[in-house]
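Residues in the sequence shown are numbered from 1168 upward in steps of one, following our numbering. Ideal Cβ positions, reconstructed from N, Cα and C, are used throughout, including at glycine. Since the structure comes first, as structure tokens, the remarks are kept for the end.
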Amino acid sequence: MESVLDPATKDRIGDYANGQIDNFLDNVDELTKALKNIETPDIARVRAKVKIALAAAKSAVSDTATQIRTQAQQASRRTDDFVRDNPWQVVGVAAVVGLAVGILASRARS
């Protein structure tokens, strides 16, 4: 299923999500640093687990961003190829859409 969001909106959503994830990861990192001075076996074990999870999360965020960027580039290339291979179909669809919008706009005015 193709997305109905325009690329600029997708970019804004992606930037916001990445910012929120980065903030969360930074907060977790700060927490582990704050617990650095507390030396109990339980805290040390939790700190080690958190560090591993934090590294994995940062790697996953990076991989996801790369994957999304690749998919967006592929969609852009496919769209460009379709327009280049079928210019008259694209012109026809644009004309029909323009006509429909024009009809709806003229009805709304009257």
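Where L1221 and Q1187 are concerned, what is the direct C-alpha to C-alpha distance, given to the nearest angstrom? Cα to Cα, the separation comes out at about 14 Å.
By alpha-carbon positions, which one of A1242, P1254 and Q1256 ends up nearest to K1177? For K1177, the nearest C-alpha among the options comes from A1242.
Alpha carbon to alpha carbon, what distance is there between A1262 and Q1256? So the two alpha carbons sit approximately 10 Å from each other.
L1266 versus G1181 - alpha carbon distance: One C-alpha to the other measures close to 34 Å.
What does a CB cutoff of less than 6 Å around S1273 pick up in its chain, not counting 5 residues either side in sequence? So the list is empty, once near-sequence residues are dropped.
Taking D1196 as the reference, which of V1213, A1223, I1210 and K1218 has the closest Cα? Relative to D1196, the option among V1213, A1223, I1210 and K1218 whose CA is nearest is K1218.
I need the DSSP call for T1207, collapsed to helix, strand or coil. In the three-state reduction of the DSSP assignment, T1207 falls in the coil class, being assigned neither a helical nor a strand state.
Do the CB positions of T1199 and R1212 come within less than 7 Å of each other? Remark: C-beta atoms of T1199 and R1212 do not approach each other more closely than 7 Å.
With burial defined as no fewer than 16 other Cβ atoms inside 10 Å of the residue's Cβ, what is the status of M1168: buried or exposed? Here M1168 scores only 42 on pLDDT, less than 50, and its place in the model should not be relied on; the value that follows carries that caveat. By the beta-carbon neighbour count (other beta carbons within 10 angstroms, threshold 16), M1168 is exposed.
Can you give the Cα-Cα distance for R1179 and E1206, rounded to whole angstroms? Put simply, the backbone Cα of R1179 is about 42 Å away from that of E1206.
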